[in-house]
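J.: According to our numbering, the residues represented by the sequence shown are 42 to 610, in order.
Okay, here's the structure, questions in a sec.
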Amino acid sequence: MVKKRWKLKENPDEKGALALADSLNISLALATLLFQRNVTNFFEAKKYFRPSLDNLHDPFLMDGMEKASRRVIDAITNNQKICVYGDYDVDGTCAASLMYMFLKELNANVEIYIPNRLTEGYGLSMESIEELFNRKVDLIITVDCGITAVEEIALANKYGMQTIICDHHQPKEILPDAFAILDPIKPGDNYPFKYLSGAGVAFKLARAVADRIGHKDMVLKYLDLVALAGAADIVSLTDENRILVRAGIEKINTNPRPGILALIKSARMNPGNLTTGQIIFTIAPRINAVGRLGDAGKAVELFTTDDYYEAERIANELEADNYERRKIDEATFSHALELLEETTDLENDLAIVLHHNDWHPGVIGIVASRLVEKFYRPSIMLTTIDGVAKGSARSIPGFNIYEALFDAKDLLIQFGGHAAAAGLSIEIDKIDAFRKRMNEILKERLDPEKIVPEINIDLKLSFSEITPKFLRILEQFAPFGPGNMKPVFLTENVRFVNTPRVVGTDHLITSFSQNGADKVFDAIGFKLGGYVDLIDKNKNLADIVYSIDKIYHDGRVYPQLRIKDIRIK
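Here it is as structure tokens:
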């Protein structure tokens with residue numbers, strides 16, 4: 042088990058937290074959690090607990106929106122052929138489905154193009170532009186891609202096709218010469234919120250078009266897709282995203298579209314209680330699996346069908362693809378561990394850079410994430426495609442992998458991404474030099490302390506404070522994600538009520554009490570099974586760090602502690 046550092050957040054203004062607790066009639070612990078989220082008064086709390094669609098920003102504040110929305114309406118009016126060009130992940134397929142169904146509703150002449158991950162790679166390509174020209178497309182609307190496609194859009198322009206880019210990724214120094222670019226983080230864009238998903242930007246364009254024709258709320262029916270994309274793409278769940286994801290998840294839980302309902306059921310879950318965590322760990326992998334293994338068009342078919350039995354058939358295909366993906370994932374991870382022993386000195390190397398000719402390109406991103414989880418090092422997995430090494434990079438908090446790749450760009454053919462994750466391609470004979478450069482960059486910029494995982498703890502809590510009212514209000518802090526993480530608590534001197542045991546692969550199951558009180562909480566610690574042999578329940582007290590989940594059993598709801606780490610005394 043990897044040793045972890047515990048970091049307890051400093052308490053904010055205690056007088057202010059007390060005043061907030063009094064005005065909201067909540068405990069000081071809950072008021073402190075709100076202060077940590079910059080919610081400091083009654084009115085901010087009302088906006089936080091009751092996020093309203095009325096507080097969404099005007100889409101026309103985004104640079105290029107005026108021009109883009111007029112062009113879309115012009116294309117619909119003149120029956121020009123529109124192609125919605127997406128990506129093969131959850132965000133890309135949700136964004137493409139949203140835009141396609143919206144345009145269909147307006148009787149547009151529209152089709153979808155999702156590139157094949159294995160044969161075409163990410164984003165626009167010269168081959169896809171040729172294909173769209175042959176299909177006599179007049180207007181390309183990219184969603185979740187396009188911001189770096191300078192040469193591809195130049196070719197589209199040469200062929201007389203215009204392009205509207207809807208993206209949320211980091212632009213490079215030169216922007217494509219598109220008809221309009223919608224990306225809140227492009228230079229000079231003063232849109233008030235910078236962290237929309239690709240589907241979020243697509244939603245903004247759809248809402249602007251709908252507003253122009255006097256029906257701006259017609260797009261709200263697609264908020265479920267915006268929520269799936271936002272949760273799966275790990276965007277900041279603050280400000281506008283919090284509103285969009287909360288409303289979208291509510292729609293999924295009350296009135297899911299056939300494709301999402303079929304997906305939930307194929308994952309053996311019950312509709313009605315879906316959370317962002319379940320989207321990330323259960324729903325998203327099933328959608329991503331089809332893109333990883335080839336044809337992400339199936340995901341679009343799933344989202345866009347009105348026929349539940351058709352949706353069920355496609356969801357079963359996604360389930361089978363996900364099963365196959367997991368098998369390839371496990372084999373690749375095992376092989377990567379063997380290769381790691383041969384190529385990497387973890388005592389001295391801070392970067393993991395692995396290459397093998399035959400790894401499946403659809404799973405190397407997942408395996409890179411697993412390496413980060415296991416060794417807590419920035420990790421890059423590369424396979425060979427058409428004689429070139431291509432792959433995925435994943436990082437740890439506090440180290441910007443995109444900036445590191447930028448500083449090694451002289452060794453790379455191309456790269457793109459953001460602080461936590463990126464894609465890259467490199468000549469095979471330059472991999473050793475690249476591995477050396479990455480280690481140099483890491484040694485220069487990364488504090489050695491940072492390679493010990495850190496658990497950020499919101500506050501100390503005694504079990505006596507965990508009341509039914511506390512749990513009801515804590516639930517209203519959702520949806521959880523970056524910028525609004527699920528609260529993490531520290532409780533000291535707890536006692537093991539029963540003998541801990543291991544279930545599944547390596548998961549700790551036990552129960553805790555504190556100070557001899559009758560209140561007992563069931564607990565599970567994923568991948569903490571190694572603690573079982575260290576614990577004597579009759580002797581040991583422990584400090585535990587945890588979040589609080591809820592589980593359903595026999596029609597009732599119970600709290601369950603999700604243990605993140607234990608210090609046995």
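Using N, Cα and C, we set each Cβ at its ideal position, and we do this for glycine too.
#1: Out of 164, 571, 220 and 264, which one is the CA nearest neighbour of residue 544?
#2: With a CB to CB cut of under 6 Å and the five nearest residues on each side skipped, what residues in its chain are close to residue 425?
#3: Where residue 203 and residue 274 are concerned, what is the direct C-alpha to C-alpha distance, given to the nearest angstrom?
#4: Just to confirm the assignment, what range does the beta strand (DSSP E) spanning residue 600 have?
#5: Note down, in chain order, each residue of its chain lying with its Cβ closer than 6 Å to the Cβ of residue 120, except the 5 sequence neighbours on either side.
#6: Who are residue 77's beta bridge partners in DSSP?
#7: Which class does residue 186 belong to by DSSP, given the choice of helix, strand or coil?
#8: Could you spell out where the beta strand (DSSP E) holding residue 562 opens and where it closes?
#9: With distances taken between CB atoms, is the gap from residue 84 to residue 54 smaller than 8 Å?
#10: If you compare alpha carbons, which of 429, 339 and 455 is closest to residue 357?
#11: Do you know whose CA, among 279, 328, 286 and 321, lies nearest residue 303's CA?
#12: Could you check the C-alpha separation between residue 506 and residue 531 for me, to the nearest Å?
#13: What residue range does the beta strand (DSSP E) around residue 542 cover?
#14: Report the option in 437, 422 and 500 whose CA atom is closest to the CA atom of residue 466.
#15: Considering only their Cβ atoms, is the gap separating residue 247 from residue 266 smaller than 8 Å?
#16: List, from N- to C-terminal side, the beta strand (DSSP E) runs of 3 residues or more that fit wholly inside the region 466-534.
#17: Taking 8 Å as the cut-off, does the region 495-504 touch the region 280-298 (at least 3 CB pairs, one atom from each stretch)?
#18: Once the 5 residues before and after residue 603 are set aside, which same chain residues still bring their CB inside 8 Å of it?
#19: Closest by CA to residue 526, which one among 74, 45 and 60?
#20: Tell me, please, which residues DSSP counts as bridged to residue 371.
#21: Going straight from the alpha carbon of residue 381 to that of residue 400, what length do you get?
#22: Helix, strand or coil for residue 267? Go by DSSP, reduced to three states.
#23: Is residue 176 buried or exposed, if buried means 16 or more other CB atoms sit within 10 Å of its CB?
#24: Within 10 angstroms of the Cβ of residue 59, are there 16 or more other Cβ atoms? Answer buried if so, exposed if not.
#25: Tell whether a beta-carbon distance below 8 Å holds between residue 210 and residue 459.
T.: On the basis of the data shown:
#1: Here residue 544 corresponds to residue number 503 of the sequence shown, with the count starting at 1. Here the closest residue by C-alpha is 571.
#2: In the sequence shown, residue 425 corresponds to position 384, counting from 1. Counting only Cβ-Cβ distances below 6 Å, and skipping sequence neighbours, we find 398.
#3: Start at 1 with the first residue of the sequence shown, and residue 203 comes out as number 162. Start at 1 with the first residue of the sequence shown, and residue 274 comes out as number 233. Roughly 28 Å separates the two Cα atoms.
#4: Taking the first residue of the sequence shown as position 1, residue 600 is located at position 559. Counting along the chain, the beta strand (DSSP E) containing residue 600 begins and ends at 597-609.
#5: Here the question's residue 120 lines up with position 79 in the sequence shown. Around residue 120: 150.
#6: Start at 1 with the first residue of the sequence shown, and residue 77 comes out as number 36. According to DSSP, residue pairing for residue 77 in a beta bridge does not occur.
#7: Taking the sequence shown and counting its residues from 1, one reaches residue 186 at position 145. Residue state, collapsed to three classes: coil.
#8: Taking the first residue of the sequence shown as position 1, residue 562 is located at position 521. Here the beta strand (DSSP E) through residue 562 covers 562-566.
#9: Position 43 of the sequence shown, counted from the start, is the residue given in the question as residue 84. Position 13 of the sequence shown, counted from the start, is the residue given in the question as residue 54. No, these two residues do not count as a Cβ contact at 8 Å.
#10: Translated into positions along the sequence shown, residue 357 becomes position 316. Here the closest residue by C-alpha is 339.
#11: Numbered from 1 along the sequence shown, position 262 holds the residue referred to as residue 303. Considering only alpha carbons, the answer is 328.
#12: Translated into positions along the sequence shown, residue 506 becomes position 465. Translated into positions along the sequence shown, residue 531 becomes position 490. Residue 506 and residue 531: Cα-Cα distance of roughly 12 Å.
#13: Residue mapping note: residue 542 aligns to position 501 of the sequence shown, counting from 1. Run containing residue 542: 542-544, per the beta strand (DSSP E) assignment.
#14: Residue mapping note: residue 466 aligns to position 425 of the sequence shown, counting from 1. Ranking 437, 422 and 500 by Cα distance to residue 466 puts 422 first.
#15: The sequence position of residue 266 within the sequence shown is 225, counting from 1. The sequence position of residue 247 within the sequence shown is 206, counting from 1. Contact: no.
#16: 495-498
#17: Taking a cut-off of 8 Å on C-beta distances, the region 280-298 does not touch the region 495-504, as fewer than three cross pairs fall below it.
#18: Along the sequence shown, one-based indexing puts residue 603 at 562. These residues qualify, in order along the chain: 564, 565, 566, 567, 587, 588, 589 and 590.
#19: The count along the sequence shown starts at 1 and reaches residue 526 at position 485. Of the candidates 74, 45 and 60, the one whose C-alpha sits nearest the C-alpha of residue 526 is 74.
#20: Stepping through the sequence shown from its first residue, residue 371 is reached at position 330. Answer is none; residue 371 lacks a bridge partner.
#21: Here residue 381 is taken as the residue at index 340 of the sequence shown, counted from 1. Here residue 400 is taken as the residue at index 359 of the sequence shown, counted from 1. Those two C-alpha atoms are separated by around 14 Å.
#22: One-based indexing of the sequence shown puts residue 267 at position 226. Of the three classes helix, strand and coil, the one that applies to residue 267 here is helix, per DSSP.
#23: For this step, residue 176 is matched to residue 135 along the sequence shown. Counting Cβ neighbours within 10 Å, residue 176 comes out exposed, since fewer than 16 surround it.
#24: In the sequence shown, residue 59 corresponds to position 18, counting from 1. Result: exposed.
#25: The sequence position of residue 210 within the sequence shown is 169, counting from 1. The sequence position of residue 459 within the sequence shown is 418, counting from 1. Contact flag set, yes.
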